[in-house]
Amino acid sequence: MQLSLNAVKLTIATALLSLISFSASANDFCQQNLLPILKQAYPTATALTNNDGEPYQLQLHDEYQRSIDLGFSSHAVCKVWPAKPELTLLAVKLDYYEEEQRGWAASTADLEILVVDTKSKQILARKLFVDALFSDAISVGSIALDTARYHLNDQITAFGVKVGRSSGSGGYPYNSQSLSLFQFDATQPQGKQISLLVDSLIVNQFGGESDTTCAGEFWRTKRIVIINNPNQQAPNLSPLTVKTQVKHFRSTREEDSFECVDSTIDIKKETTTLRFDGTQYPVAKEMRYHF
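The following block contains the structure:
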């Protein structure tokens, strides 16, 4: 029994070391190759650097004078795909320059998804979503790649892109995170393709009205996505179960301690099923981020 337990511990330790090693090498790959891959994707681009020689912006020099933020709030994210380490994923926010000259009261940006061959560093497929990242009172603040194992059938694993948005208004705070799922298909006769499967499903959302110091009423929405049948036989795709919880609560300041405390008003829960229609998993308007 002791031998068996030690064997299990050794197996777990080996798996953890392997995972740590993969994460480190994957991070190194992106740190070393992000800029060269971006220059391959946008051949006319030039980098602006700070006093330390670190690039903080890539200017594309295209007809729209778009640029990519590479600084602290980097809008070009890269990740070796754990489910398919021979592939590397990129999500890039392409900002337009001087929106007021284009007659816009707010700002907009494109989102481009790229799939790269990890070994050769060559771009295998890319898909552009024009004006997908619109900002006005609510602005786009973050982009992240989600590589949870979205096994949609016995052959297809999707990957996700999460977009974070927020409002700077203290009296009417707001933030959200939406999830879009994509499929990379290397079997198409017309060439390798990226397809949008789930469009901007809100997985986290917070809002309300506040006195900016404590008192106010708020709501918070959380959603989780569950793959009903990850072993679904191709070409069919598994239905997705979406579990939603919406919590309404009130914040007040305690008279004695002056602490700001929350009290729940109500909690509502709902379960929804998303089914593949042959092209996408349609998402109801109230569950999807839109501008």
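Residues -26 to -1, 1 to 265 in mature numbering (1 follows the signal peptide of the UniProt record, and there is no 0) are what the sequence shown lists, from first letter to last. Here a beta-carbon is modelled for each residue, glycine too, at the ideal position from N, C-alpha and C.
Alpha carbon to alpha carbon, how far is residue j from residue i? Give it in angstroms, no decimals.
| i | j | result |
| --- | --- | --- |
| F158 | Q167 | 6 Å |
| residue 309 | D69 | Only positions -26 to 265 of the chain appear in this structure, which leaves residue 309 out of reach. |
| T161 | S109 | 36 Å |
| A15 | N205 | 35 Å |
| I87 | G182 | 33 Å |
| E228 | S143 | 24 Å |
| L61 | L85 | 19 Å |
| T238 | N149 | 19 Å |
| Q179 | K243 | 15 Å |
| R249 | L22 | 45 Å |
| R194 | P17 | 43 Å |
| V177 | Q39 | 33 Å |
| T247 | N25 | 52 Å |
| Q254 | F156 | 10 Å |
| H35 | D43 | 14 Å |
| E74 | G115 | Its pLDDT being 46, under 50, E74 is placed unreliably by the model, and nothing is read from it. |
| I125 | T215 | Just to set this straight, residue 125 is His in the shown sequence, not Ile. The alpha-carbon atoms of H125 and T215 are separated by roughly 13 Å. |
| A99 | S169 | 10 Å |
| Y29 | T187 | Position check: residue 29 holds Pro in this sequence, whereas Tyr was assumed. The straight-line gap from Cα to Cα measures roughly 38 Å. |
| K95 | V235 | 52 Å |
| K136 | N203 | 23 Å |
| Q33 | G165 | 29 Å |
| I97 | T245 | 39 Å |
| S174 | F232 | 40 Å |
| S(-6) | F3 | With a pLDDT of 47 at S(-6), under the threshold of 50, the predicted position of this residue should be treated as unreliable, though the coordinate-derived value follows. Rounded to the nearest angstrom, the two C-alpha atoms are 12 Å apart. |
| A258 | D105 | 21 Å |
Is it right to say residue i is buried, meaning 16 or more other beta carbons lie within 10 angstroms of its own, or is it exposed?
| i | result |
| --- | --- |
| H49 | buried |
| D120 | buried |
| R123 | exposed |
| K53 | buried |
| L107 | buried |
| G134 | buried |
| Y263 | buried |
| I11 | buried |
| I241 | exposed |
| S(-2) | exposed |
| A132 | buried |
Return the bridge partner residues of residue i from the DSSP annotation.
| i | result |
| --- | --- |
| R139 | V114 and S150 |
| R197 | T218 |
| H125 | T131 |
| R262 | L175 |
| A106 | Note: A106 sits in no beta bridge, so no partner. |
| residue 344 | Absent from the structure is residue 344, since the part of the chain shown begins at -26 and ends at 265. |
| V257 | Paired residue(s): none; V257 is not in a bridge. |
| E244 | T218 |
| Q157 | S169 |
| L85 | K67 and F103 |
| F97 | What sits at residue 97 in the sequence shown is Ile, not Phe. V90, per the DSSP bridge assignment. |
| L211 | Looking at the DSSP assignment, L211 forms no beta bridge with any residue, so it has no partner. |
| D236 | S225 |
Rounded to whole angstroms, how far is the Cβ of residue i from the Cβ of residue j, which I believe are closer than 8 Å?
| i | j | result |
| --- | --- | --- |
| Q198 | K217 | Here residue 198 is Ile; the residue named in the question, Gln, does not match the sequence. Contact flag correct, Cβ pair sits at about 5 Å. |
| I112 | S141 | 5 Å |
| A83 | K67 | 5 Å |
| N56 | T92 | The identity of residue 56 in the sequence shown is Pro, whereas the question assumes Asn. Rounded, the Cβ-Cβ distance is 12 Å, inconsistent with contact. |
| S41 | Q31 | 6 Å |
| E260 | R224 | That pair is no contact at about 23 Å. |
| I117 | A65 | 5 Å |
| S184 | P147 | 6 Å |
| request: Counting only runs of 3+ residues fully inside the region 13 to 76, write out the beta strand (DSSP E) ranges in chain order. | output: Entirely contained in the region 13 to 76, the beta strand (DSSP E) runs reaching 3 residues are, in chain order, 20 to 23, 29 to 33, 41 to 43, 50 to 54 and 61 to 69.
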